[in-house]
Amino acid sequence: MTRRIFPLALCPLLFVALCLQPSALSEAQGTLDRTKQPPIGRPAELRVPSWTRSKLSNGAELIVSEKHDLPLVSFSITFLGGGDQFEPAGRRGVASLTAAMLNEGTKTRDDEALSNALQLLGTTVSAGVGGESGSISFVSTAAKFAPTLDILADMLVNSTFPPEALERLRGQRLVALNQAKAQPGSISARVFPRVLYGDAHPFGQSQTEASVKAITREDVVSFHRNYFKPGRALITVVGDVTPTAIRADIERGLASWLAGGKRPTFTFPSLTAPRATTIYLVDKPGSAQSTFAIGLPGPPRNTPDYYALSVMNTILGGMFQARLNANIREEKGYSYGVGSGFAYGKGPGPFRTGGDIVGDKTDAALVEFMKELRGIAGARPVTDEELRTAKESLVQRLPATFASVGAINGAITGLWMQGLPDTYYQEYGKAIGAITGDDVLRVAKKYIDMDHLAIVIVGDRKSIEAPLKATGVAPITLLDIEGNVVNGP
Amino acid sequence: MKPLARVVLMCMMWLAGVSLGAQNAINIPFETYALPNGLTVVLSTDRTAPTVAVNIWYHVGSKNELPGRTGFAHLFEHVMFTGSGHVPYGLHDRLTEGAGGSNNGSTSNDITTYYETVPSNYLETMLWIEADRMGFLLDSLDLAKLNAQRDIVKNERRQRVDNQPYGRVYEILSRTIYPSSHPYSWPVIGSMEDLSAASEEDVKNFFRLYYAPNNAYLTIVGDFDPAQAKAWVAKYFGDIPRGNPIKRPAVEPVTLASGQRLVMEDRVQVPRLYIVWPSVGSKHDDRFALSVLGAILSGPRTARLTKALVFDEQAAASVSAGQDSNEDVGEFSVTITPRPGHPLTDLEAAADAVIERLKREGPTAEEVQKATAGEELSFVRGLESNLGKAFQLAGGAAIHGDAGYFRTEYQRTLGVTAADVQRVANKYLTTGRVVLSVVPTGQIDQASKPAESKRVE
Chain A
1 MTRRIFPLAL
11 CPLLFVALCL
21 QPSALSEAQG
31 TLDRTKQPPI
41 GRPAELRVPS
51 WTRSKLSNGA
61 ELIVSEKHDL
71 PLVSFSITFL
81 GGGDQFEPAG
91 RRGVASLTAA
101 MLNEGTKTRD
111 DEALSNALQL
121 LGTTVSAGVG
131 GESGSISFVS
141 TAAKFAPTLD
151 ILADMLVNST
161 FPPEALERLR
171 GQRLVALNQA
181 KAQPGSISAR
191 VFPRVLYGDA
201 HPFGQSQTEA
211 SVKAITREDV
221 VSFHRNYFKP
231 GRALITVVGD
241 VTPTAIRADI
251 ERGLASWLAG
261 GKRPTFTFPS
271 LTAPRATTIY
281 LVDKPGSAQS
291 TFAIGLPGPP
301 RNTPDYYALS
311 VMNTILGGMF
321 QARLNANIRE
331 EKGYSYGVGS
341 GFAYGKGPGP
351 FRTGGDIVGD
361 KTDAALVEFM
371 KELRGIAGAR
381 PVTDEELRTA
391 KESLVQRLPA
401 TFASVGAING
411 AITGLWMQGL
421 PDTYYQEYGK
431 AIGAITGDDV
441 LRVAKKYIDM
451 DHLAIVIVGD
461 RKSIEAPLKA
471 TGVAPITLLD
481 IEGNVVNGP
Chain B
1 MKPLARVVLM
11 CMMWLAGVSL
21 GAQNAINIPF
31 ETYALPNGLT
41 VVLSTDRTAP
51 TVAVNIWYHV
61 GSKNELPGRT
71 GFAHLFEHVM
81 FTGSGHVPYG
91 LHDRLTEGAG
101 GSNNGSTSND
111 ITTYYETVPS
121 NYLETMLWIE
131 ADRMGFLLDS
141 LDLAKLNAQR
151 DIVKNERRQR
161 VDNQPYGRVY
171 EILSRTIYPS
181 SHPYSWPVIG
191 SMEDLSAASE
201 EDVKNFFRLY
211 YAPNNAYLTI
221 VGDFDPAQAK
231 AWVAKYFGDI
241 PRGNPIKRPA
251 VEPVTLASGQ
261 RLVMEDRVQV
271 PRLYIVWPSV
281 GSKHDDRFAL
291 SVLGAILSGP
301 RTARLTKALV
311 FDEQAAASVS
321 AGQDSNEDVG
331 EFSVTITPRP
341 GHPLTDLEAA
351 ADAVIERLKR
361 EGPTAEEVQK
371 ATAGEELSFV
381 RGLESNLGKA
391 FQLAGGAAIH
401 GDAGYFRTEY
411 QRTLGVTAAD
421 VQRVANKYLT
431 TGRVVLSVVP
441 TGQIDQASKP
451 AESKRVE
């Protein structure tokens, strides 16, 4: 194969001309000391997007942020509160099922007509409801914004929830729940929160075969009627728009979406009394790997310790070369990747560390996890180098937060969701910069309580139980794949 | 300004597609040049955010390996992250992720690529690292380090291929479609035996030949000063010597004279059916119509196979169809996962009925329009990412000899007609295909037409 740099005949000329540019070559001559790491230049100043706020006539809040370099628009409606606040008891799963049903047809468009219209616009409208928020959103070219918004409005207001579509989606969901029973990661994701929070706390609950089977069309219609309301909604528009014109477009496009609804209060049942550190072993016969989840309930997002916790977690398990991965993957080779993190939100979301571990290293890996947790909580003080790298890593991630219209939308909407000030991103660097090694140690001791950890391990009991016992780390309780205690041998 | 310089400048602007005041969003302004040692450089500035993406493509993949010596290209992808002559292990991560950025690499049949995204003030540091591992990797590579990476790759093979449900499917399909000496017949990850048998010198010779500047494409996209970047590129890459001439493997297109039916047992919960036709590689224009054909067959609920199998008959949990183009060859495939109680034999027949009708009648103009309507949005969204642009430019330069190939690609995709789709469907979706059933262990009878299927493992 001949390698052509330019597709044109005249290019060899250009080629030579550029190669001979003296300025470009001068530095290559003479001796280059490659052992010397180049200087890191001055960091560029952070450019935080700005935005305007207003209120629509139906009561929804509106935030508009202009970005004109490309003809793109990111549009979202975000609802405060989610399944944890709005799902009736015994009906876990109705929130996400209702969101999925918004694609199944409206009073004037059946499901295929909706799909066809969006395909011709070259875009998709996504809807979803999570634990504490929900959204309906799209990204379009600027030219296709208004017609796409019309379709979103139709889905939001005029959905008909056909019974046969509900049965189809229910069937798919039951199959997925069944397949999840075979996946260690899905088992861990269900059992770990249940162990931490119990059945009475929304964080301990999830949709089950029973709850999915129990959901009726009336449940869906009623969830839709009560939940998707402007009174608890923020509309965020980012991209090639101007606030005045876009506001008029949105008022017109969402004219049929009538006022109503209010913000939920976020109250959570008190946590069950913490239990002494225990290994909860879920048997997955024949599994070549053991899936680890170690942790305990953590603080809400509005904790004043947020910045110190961010630095602490970055050092412990928030990067590739963080302590956990450097040790357990890179040095010991027990895993392809381990990490740690806090699930911040309105309530006491969990701190969790874990990953998939090679089966016959389950015991050895547990010892290393515990060593690293004790280490960050004081046994191995954080070095100045670790502190500096973690802080730089956190602060310098910010530009990527604003790299696309979708990312900017998420960054702005996240502030609203968690009640953070508009100046948050400008102040972030200073707040992280102020964190000291003592701060890191204080929050590690405070939030990583070594005496009250839940250690959930999903793996092949036959081969890992005895070695785990021999570590002497903690007593073992056997659970089934739903997280129920198994009695007997 | 000297006349030559002015010609060069005008030429540059033209080649770079600099749109002076044009409203056309389908563009990536770029300039490209080469160092005397053969390194191709592509620069594209975007000052929207203070970040920069560095992407280097080596035009080497598993197809450059020889039978009995497979897996080297991918092994090097691992070795490249273990430090080099002047850069100790771990520093690369610290200077990327530790600076709020990221790094990674990937290997295919055709290419091996490495990339970083970093704050723009780290650009010089990234060029220092990339040049060091191009020019001085072997200085720090000894047998112990090589063996450690060999073990990691073998573990990766166990986890991602041998231990993964349906993980061995692509190996079986490749060795069925391509004859055993064909460069696309062996898997990118290679064989355990070959990895074990490789001598230190074998491995080093592979590196010396293929990781030379004349086989590399360096792309820088983002917030930087082009003159400064050129100076740094010359400083760090300029004195790395050109390598020996590379003889590329002769890759013949393949067709299958007759259909092949296979069945494989695997540790899976649910059976799955793969139907694969040899088609064309990325240099053949039929791939555009084949991609549109894939979008007409599967995806949204109105796509033909999705509508028939998943929605109307509700016999399949999922179905996907699409064209996969490597540099020299490609395949068109249909994958069907059944719902409980629906035999693969029935699903194959149902899929064939849909495909035969499409071959007979062709798609409607609206179907083609729907399949391509998302192209503009996805292209413009791709422009939001420095790394995405770097991949477009580098891929064009490495595979098509034209960093501006993205424009051709876009225009050809939008130019596909219903007649094109009907023509390629009839030309490639013939009886010369492989039908592979993957069934739970011990349940061969769940295959499509089990009596006619040959067992493979």
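Line order of the protein sequences matches chains A and B.
Per my numbering, the very first residue in the first sequence carries number 1; after that it's consecutive.
Per my numbering, the very first residue in the second sequence carries number 1; after that it's consecutive.
Where is the CB? At the ideal position from N, CA and C, for every residue including glycine.
If you're wondering where the values come from, they're calculated on a predicted model, not measured in any experiment.
Report yes or no: is there a C-beta of chain B within less than 8 Å of the C-beta of residue i?
i: residue 64 (chain A); result: no
i: residue 426 (chain A); result: no
i: residue 226 (chain A); result: no
i: residue 459 (chain A); result: no
i: residue 147 (chain A); result: no
i: residue 238 (chain A); result: no
i: residue 28 (chain A); result: Residue placement at residue 28 (chain A) is poorly supported in this model, since its pLDDT is 42, which falls under 50; the coordinates still yield a value, given next. At least one chain B Cβ lies under 8 Å of residue 28 (chain A).
i: residue 41 (chain A); result: yes
i: residue 87 (chain A); result: no
i: residue 109 (chain A); result: no
i: residue 116 (chain A); result: yes
i: residue 137 (chain A); result: no
i: residue 35 (chain A); result: yes
i: residue 392 (chain A); result: yes
i: residue 69 (chain A); result: yes
i: residue 163 (chain A); result: no
i: residue 319 (chain A); result: yes
Just the C-alpha distance for residue i and residue j, rounded to the nearest angstrom, thanks.
i: residue 22 (chain A); j: residue 34 (chain A); result: Low confidence applies to residue 22 (chain A): its pLDDT is 35, below 50, so where it sits in the model is not reliable, and the reading given next is rough at best. Their Cα atoms are separated by approximately 22 Å.
i: residue 323 (chain A); j: residue 87 (chain B); result: 21 Å
i: residue 386 (chain B); j: residue 47 (chain B); result: 10 Å
i: residue 491 (chain B); j: residue 182 (chain B); result: Any question about residue 491 (chain B) goes unanswered here, given that chain B covers just 1 to 457.
i: residue 153 (chain A); j: residue 256 (chain A); result: 8 Å
i: residue 137 (chain B); j: residue 110 (chain B); result: 21 Å
i: residue 468 (chain A); j: residue 306 (chain B); result: 47 Å
i: residue 130 (chain A); j: residue 83 (chain A); result: 6 Å
I believe residue i touches residue j by the beta-carbon criterion, under 8 Å. Please report the beta-carbon distance rounded to the nearest angstrom.
i: residue 502 (chain A); j: residue 135 (chain A); result: As shown, chain A starts at 1 and ends at 489. That puts residue 502 (chain A) outside it, with no answer to give.
i: residue 491 (chain A); j: residue 144 (chain A); result: Shown here, chain A extends from 1 to 489; a query on residue 491 (chain A) therefore has no answer.
i: residue 67 (chain A); j: residue 405 (chain A); result: 6 Å
Strictly under 8 Å for the Cβ-Cβ distance: is residue i near chain A by that measure?
i: residue 283 (chain B); result: no
i: residue 24 (chain B); result: Note that residue 24 (chain B) has pLDDT 48, beneath the 50 cutoff, so the model's placement of it is unreliable and no number is given.
i: residue 446 (chain B); result: no
i: residue 57 (chain B); result: no
i: residue 223 (chain B); result: yes
i: residue 122 (chain B); result: yes
i: residue 21 (chain B); result: Note that residue 21 (chain B) has pLDDT 30, beneath the 50 cutoff, so the model's placement of it is unreliable and the number below is only indicative. Taking Cβ atoms only, chain A never reaches closer than 8 Å to residue 21 (chain B), which makes this a no.
i: residue 106 (chain B); result: no
i: residue 458 (chain B); result: In the structure as shown, chain B begins at 1 and stops at 457. Residue 458 (chain B) is therefore absent and cannot be evaluated.
i: residue 459 (chain B); result: Since the first and last residues shown for chain B are 1 and 457, residue 459 (chain B) lies out of range.
i: residue 99 (chain B); result: yes
Could you tell me if the beta carbon of residue i falls within a distance shorter than 7 Å of some heavy atom in the ligand COA?
i: residue 85 (chain B); result: Among the components of this structure there are no ligands whatsoever, and the ligand COA is therefore not found.
Give a yes or no on whether 8 Å exceeds the smallest Cβ distance from residue i to chain C.
i: residue 128 (chain A); result: Checking the listed chains, one finds no chain C in this structure; the protein chains it contains are A and B.
Taking DSSP as the reference, what is the three-state secondary structure of residue i?
i: residue 65 (chain B); result: coil
i: residue 409 (chain A); result: helix
i: residue 67 (chain A); result: coil
i: residue 30 (chain B); result: coil
i: residue 148 (chain A); result: helix
i: residue 336 (chain B); result: strand
i: residue 61 (chain A); result: strand
i: residue 51 (chain A); result: coil
i: residue 458 (chain B); result: It is not possible to answer for residue 458 (chain B), since the shown part of chain B is limited to 1 through 457.
i: residue 346 (chain A); result: coil
Quick check on the DSSP output: what are the complete alpha helix (DSSP H) runs of length 4 or more inside the segment 231-268 of chain A, in order along the chain?
243-253
Ranges of the beta strand (DSSP E) found wholly within the segment 72-134 of chain B, counting only runs of at least 3:
102-107 and 112-119
Enumerated in chain order, which unbroken segments of the alpha helix (DSSP H) with a length of 4 residues or greater are wholly contained in the segment 151-195 of chain B?
169-177
Counting only runs that start and end within the segment 394-455 of chain A, where is the alpha helix (DSSP H) found for 4 or more residues in a row?
398-401, 405-418, 424-433 and 437-447
Which whole runs of the alpha helix (DSSP H) in the segment 234-290 of chain B are 4 residues long or more, in chain order?
none
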